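Number of protein chains: 2
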Amino acid sequence: MRQIHRTFKLARAAAAGVRLVRDPSRLDAIIAVARNVVSPDFLRSIVDELSRQEVPAQALAERPRLQIDLDCLARLPRGTLGRAFADHMRARGLDPAALPRMEANDPLSFVRAHLFETHDVWHVVTGFDTDVAGELGLQAFYMAQLPARFAPLLLVAGLANTLLYSWPDRTRRMDEIARGWRLGRGARPFFGVPWAALWSEPLEDVRARLGVPG
Amino acid sequence: MRQIHRTFKLARAAAAGVRLVRDPSRLDAIIAVARNVVSPDFLRSIVDELSRQEVPAQALAERPRLQIDLDCLARLPRGTLGRAFADHMRARGLDPAALPRMEANDPLSFVRAHLFETHDVWHVVTGFDTDVAGELGLQAFYMAQLPARFAPLLLVAGLANTLLYSWPDRTRRMDEIARGWRLGRGARPFFGVPWAALWSEPLEDVRARLGVPG
C-alpha cells in the first residue's frame with residue numbers, strides 16, 4: 001500500500017514535471033512537484049544544515065509566521081521594503097492570500113511553510129522579476145543558499161524548457177541564473193530573516209545588511 | 215524507413231543521455247549524444263549565426279584544420295599557449311589522437327570537426343579543468359558563445375547528475391557554470407581562432423587578446 005502510494009506520488013510528480021518543462025511559470029505544477037517530491041528526508045537534511053547558522057536556527061526555534069496585509073504595506077513610504085513589496089505584488093496581480101496556507105507545527109513543516117510564504121519577499125530583495133528568467137535566477141539563489149534539491153530540480157526543468165521551447169530567451173535566463181548563483185553565494189542567509197520586522201526599513205538598507213549589492 | 219531511422223537515432227541518444235546523467239565525464243556517451251542529436255538543421259543555424267562574425271566567418275570560408283603534435287608543443291618555452299596545452303594534456307593522460315578524425319568538406323561538417331578538435335584548447339585558454347565541474351563550466355562557456363543546443367543539453371544532463379548522484383559537488387559545479395557563462399559572454403568569439411598560429415605566444419597574451427581575464 002505504501003509502495004502504491006509512493007508510485008502514485010512519483011507519477012504525479014513526473015506529470016507535473018512535464019507540465020513544468022512545457023511552462024516553468026505554472027505555479028500549480030511547481031506546487032504539485034513540491035508536494036510529491038519533497039520528502040521528509042530532504043526536509044530533515046535542510047533542517048540539520050540550517051540549524052548550524054544563527055538566523056535560520058533562531059527561526060527554526062521560534063517558527064515566526066509571515067502574515068501579509070498588502071493594503072497596509074502599500075501605505076508605507078516609497079523606498080521601504082514593505083512598500084516595494086506591495087508595489088511588486090500589485091503590479092503583477094499577485095496576492096499572498098493565493099498561496100496555500102500551510103501548517104508549521106514542527107521544524108520540518110516550518111521549513112516548507114516559511115519558504116512558501118517568504119518567496120515573494122525574496123523576489124523583491126534580490127530584484128529578480130517573476131518571469132521565467134527571474135524565477136530561474138531566484139532558484140539559483142535558493143540553490144546557493146539552501147541544501148535543498150527542489151531548486152536544482154526547477155533549474156533542470158527550466159533549462160530543458162529553454163532548450164525545447166524557449167530558445168530565444170536563453171541569454172536572459174542564463175544571465176539571471178549566473179547572477180542568482182553568485183548573489184546567493186555572497187549574501188547572508190535569507191532563511192529565517194524576520195521580514196515582518198523590516199517592512200518599514202529602506203529596501204536599500206535591507207539589501208546592504210543582507211549582502212545584496214544595490 | 216526515414217522515420218524508423220530517426221526513432222533509432224533518438225533511442226540511441228536517449229540511452230546515451232541516461233549514461234551521461236549517470237556519469238557526465240563519459241566521452242563515449244557525449245560523442246554518441248552528439249552523433250544522434252546534432253542534426254543538419256541545428257548545424258545550419260550555427261553556421262548562419264557564425265557567418266555574421268568576423269573570425270568565425272573567415273574560418274568557415276577557409277576551414278583550417280588543427281593538427282596537433284604534442285611532442286613538438288612540449289618543447290616550446292614555459293608560459294606559451296602550446297606548452298601549456300601540452301602540459302595540460304599530458305598531466306591528464308589525454309591525447310588529441312584519441313578523438314575521432316572527422317571530415318570537414320563543407321561548412322556544416324567543418325563546424326562539427328572544428329569544435330571537436332579545438333575543445334581541449336578551449337579548456338586551456340579558459341582555464342577550466344577536465345573534471346565534471348570544469349566540463350560543465352566550459353559547456354556554459356560554449357552556450358554563451360554559440361547558438362548550439364548541444365551545450366545546454368549537456369548542462370541539463372550535468373545538473374540532473376548533480377541532483378541525483380553528485381550532490382556534494384554542487385557548489386563547485388555551479389560556481390564553474392556561472393563563471394563559464396560570464397566568461398563566454400565577455401570573451402571574443404573562440405570559434406575559428408587560428409590556434410595553430412598562436413602556439414608560440416604567451417598564454418597570457420592569448421587570453422588578453424580574447425578578453426579572458428587572467
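Residue numbers (my numbering), protein chains in the order written: chain A, 1 to 214; chain B, 215 to 428. Beta carbons are placed, not taken as given, at the ideal position from N, Cα and C, and that holds for glycine. A quick note: this is a predicted structure, and the numbers were derived from the prediction, not measured.
Check, Outcome
"Comparing alpha-carbon positions, which option in A:Cys72, A:Phe110, A:Arg12 and A:Leu164 lies nearest A:Arg44?", "A:Phe110"
"Taking CB distances under 7 Å as the criterion, tell me whether A:Trp122 reaches chain B.", "no"
"Can we say the segment 61-68 of chain A touches the segment 163-180 of chain A, given the rule of at least three CB pairs closer than 8 Å?", "no"
"In chain order, which continuous runs of the alpha helix (DSSP H) of length 4 or greater are located wholly inside the segment 93-166 of chain A?", "107-126, 132-145 and 150-164"
"Assuming A:Thr126 and A:Leu183 are in contact, meaning their beta carbons sit under 8 Å apart, how far apart are those beta carbons, in whole angstroms?", "6 Å"
"Against A:Ala178, what residues of chain B qualify as contacts under a CB-to-CB distance less than 7 Å, listed in chain order?", "Ala392, Trp395 and Arg396"
"What does B:Pro416 pair with, by DSSP beta-bridge criteria?", "B:Thr294"
"Which residues in the same chain have their Cβ closer than 7 Å to the Cβ of A:Leu76, if we skip the five residues on either side of it in sequence?", "Gly82, Arg83, Trp199 and Ser200"
"Kindly indicate the opening and closing residues of the alpha helix (DSSP H) around B:Val426.", "Segment: none, B:Val426 is in no alpha helix (DSSP H) and carries neither H nor E."
"Relative to the C-alpha of B:Gly231, which residue among B:Trp381, B:Ile245 and B:His219 is closest?", "B:Ile245"
"Taking buried to mean at least 16 other C-beta atoms within 10 Å of its own C-beta, is B:Glu390 buried or exposed?", "buried"
"Is B:Leu377 close to chain A? Criterion is C-beta to C-beta, closer than 7 Å.", "yes"
"With a threshold of 7 Å between beta-carbons, can A:Arg149 be considered close to chain B, or not?", "yes"
"For A:Leu94, which residues in the same chain have their Cβ closer than 7 Å to its Cβ, ignoring the five residues on either side in sequence?", "Asp120"
"If you run the structure through DSSP and keep just helix, strand and coil, what is A:Val193?", "coil"
"State the DSSP-derived secondary structure class of B:Pro270, mapped to helix, strand or coil.", "helix"
"Checking contacts by CB at 7 Å: is A:Leu159 closer than that to chain B?", "yes"
"Under 8 Å by Cβ, that's how I've got B:Gly372 and B:Leu352 pegged, so tell me the actual separation to the nearest angstrom.", "Their Cβ separation, rounded to whole angstroms, is 11 Å, which puts B:Gly372 and B:Leu352 out of contact at 8 Å."
"So the candidates are A:Pro152, A:Val212 and A:Ala97; which of them puts its Cα closest to the Cα of A:Asp71?", "A:Ala97"
"According to the neighbour-count rule (16 or more other Cβ atoms, all chains shown, within 10 Å of its Cβ), is A:Glu117 buried or exposed?", "buried"
"Along the segment 186-212 of chain A, what residues have a CB closer than 9 Å to any CB found in chain B?", "none"
"Compare the C-alpha of A:Ala151 against each of B:Pro361, B:Met388 and B:Pro321 and name the closest.", "B:Met388"
"Over what stretch of residues does the alpha helix (DSSP H) that includes A:Ser45 continue unbroken?", "Pro40 to Leu50"
"Can you tell me whether B:Ile218 is helix, strand or coil according to DSSP?", "helix"
"Strictly below 8 Å CB to CB, what residues from chain A border B:Pro366?", "Leu159, Thr162, Leu163 and Arg170"
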